[in-house]
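*Asks:* Residue numbers (the UniProt record's numbering): 1 to 441.
Just so you know, even glycine gets a beta-carbon here, dropped at the ideal spot from N, CA and C.
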DNA sequence: TCTGGGGTCCTAGGACCC
DNA sequence: TCTGGGGTCCTAGGACCC
């Protein structure tokens, strides 16, 4: 909570649907619904025209069709959404270097890091209006709703108040009089289950929540959630705007139009998903140790099984093999409606920055350009090794295992594989055997 | 023939280690 | 011979967000 209204939250209005209406004039003024169009689809975004018929996000497409049969139902063009999103994020970064995207259509901007004469209400209001106009301009007509306040929480609450195409600035000091009459549902993190738990205890408004003792809220909702919500109810929020966040997992899941009952087919579908996950990991130059499968049975029961490997991988075969083994632990009699594969525990083995600038760049690392290392043996990124048929970089090490990414300037990033430290195939190519220097920085 | 897909964070219990 | 306690890792599930 700051003394100035210097955190801005921007939300693009009915984003996916608005992009479709922008790109296809015949859709303008008409109800447009973007989402899964198959028998088991749900609505991702409904245009405001569709919302007047009661169509909402996350509603099944079947129900949306019943409510609004004349709407245009579209399955979505994500490259177009990403392109517009990038334009918006760039526009935000013109205002302040501290921009935290929350999704394709939402971001926080820290105005305290912007180059402004002051942070008075007049100034931030003008900045917000200019920004909304700029977004409209760079996207070719999309509108945004903006909230500006003294914290992330209040900025987000404020941006909900004047949708679409609006602006709300909350003057510092007036937060609680705005917040307390509202329903607890306005607090991000309060969903249906939490609303119900609080309701049973007679807590409906934010003021009710603030009046309750912290002990009581913690008893109802658990330590972290209870403590956090109780603070928010008092308007207390010191979270900073954080521009870059490391991904913690990569996953793919698919709901099938008909339940899958054939075990071999399930294995094939998992293997294909493993390939997609592996490709995304390689693109992000990451690997992870924990492989998780997700299985949704015919009756919507959802299960997960996971297995943590000795060393991180981005190898499609390894992920597929693990996924198949995990599927073996699940009774799929009766069929499954969804299968998914994910890898988490990313970057555990990669010390960010050990590669220096090189890790930030997409360009393949030349083995010839290997920097003389001053780090202990087998530190991630420190050594070039030779295993079996080719050279590679040490990617991670520990527990008697060294993990290597095979990579050359010619081939670019290759697969990640692991070897036991006493594997005779493993030879240190560069970097002598005494490593007494302390790690740099 | 209700109920997507991509994520994040939290909890709770058991294993294991010191 | 009646039995510690703290810390960390792993696993499964749940709530929530967009």
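#1: Helix, strand or coil for residue 292? Go by DSSP, reduced to three states.
#2: Quick test of your reading: residue 339 and residue 277, contact by CB under 8 Å. State the CB separation rounded to the nearest angstrom.
#3: Does DSSP classify residue 12 as helix, strand or coil?
#4: Measure from the alpha carbon of residue 1 to the alpha carbon of each residue in 109, 52, 151, then state which is nearest.
#5: Does the separation of the CB atoms of residue 127 and residue 95 fall below 8 Å?
#6: Considering residue 97, what are the terminal residues of the beta strand (DSSP E) in which it resides?
#7: Just to confirm, are residue 43 and residue 66 a CB contact at a threshold of 8 Å?
#8: Fully enclosed by the stretch 106-162, which beta strand (DSSP E) runs are 3 residues long or longer?
#9: Among 72, 38, 168, 74, whose alpha-carbon lies nearest the alpha-carbon of residue 6?
#10: Give the C-beta separation of residue 235 and residue 176 to the nearest angstrom, bearing in mind that I take them to be a contact with Cβ-Cβ under 8 Å.
#11: Is residue 181 helix, strand or coil by DSSP?
#12: Could you spell out the range, first to last residue, of the beta strand (DSSP E) harbouring residue 312?
#13: Per DSSP, residue 46 forms a beta bridge with which residues?
#14: Where does residue 78 sit, in a helix, a strand or coil, going by DSSP?
#15: Would you be able to state if there are at least three C-beta pairs under 8 Å between the stretch 314-328 and the stretch 254-272?
#16: Using alpha carbons as the reference points, say which of 149, 222, 272, 206 lies closest to residue 123.
#17: When the Cβ atoms of the stretch 18-38 are set against those of the stretch 71-86, are three or more pairs found closer than 8 Å?
#18: Would residue 142 pass as a contact of residue 22 if the rule is Cβ separation under 8 Å?
#19: Using only the alpha-carbon positions, how far apart do residue 247 and residue 320 sit?
#20: Could you tell me which residues DSSP pairs with residue 168 in its beta bridges?
#21: Using 8 Å as the Cβ pair cut-off and three pairs as the minimum, do the stretch 8-28 and the stretch 243-258 touch?
#22: Going by alpha carbons, who is nearest to residue 322 out of 337, 293, 334, 303?
#23: For residue 449, report the span of its beta strand (DSSP E) as first-last.
#24: For the alpha helix (DSSP H) holding residue 318, just list the boundary residues, first then last.
*Replies:* Taking the geometry as given:
#1: Three-state DSSP puts residue 292 in a strand.
#2: Actually they do not touch by this definition, with Cβ atoms about 12 Å apart.
#3: In the structure shown, residue 12 sits in a strand (DSSP, three-state: E or B).
#4: It is 151.
#5: Cβ atoms of residue 127 and residue 95: closer than 8 Å.
#6: Where residue 97 is concerned, there is no enclosing beta strand (DSSP E), because DSSP gives it neither an H nor an E.
#7: No.
#8: 106-110, 144-149, all fully within the stretch 106-162.
#9: It is 168.
#10: About 5 Å separates the CB atoms of residue 235 and residue 176; that is less than 8 Å, so the two are in contact.
#11: Reduced to three states, the DSSP call for residue 181 is coil.
#12: It spans 302-313 - the beta strand (DSSP E) in which residue 312 sits, taken as one unbroken run.
#13: Answer is 33, bridged to residue 46.
#14: Looking at residue 78 - three-state DSSP - the assignment turns out to be helix.
#15: With a cut-off of 8 Å, the stretch 314-328 and the stretch 254-272 count as touching, because enough Cβ pairs lie within range.
#16: Per the Cα distances, 149.
#17: Under the 8 Å Cβ criterion, the stretch 18-38 counts as touching the stretch 71-86, having at least three qualifying pairs.
#18: A contact, by the Cβ cut-off of 8 Å.
#19: Here the alpha carbons of residue 320 and residue 247 stand approximately 21 Å from one another.
#20: In DSSP, residue 168 forms a bridge with 147.
#21: As far as the Cβ criterion goes, the stretch 8-28 does not touch the stretch 243-258, which means the pair count is below three.
#22: Taking residue 322 as reference, the option from 337, 293, 334, 303 with the minimal CA-CA separation is 293.
#23: With the chain covering 1 to 441 only, the question about residue 449 has no answer from this structure.
#24: Per DSSP, the unbroken alpha helix (DSSP H) holding residue 318 starts and ends at 316-327.
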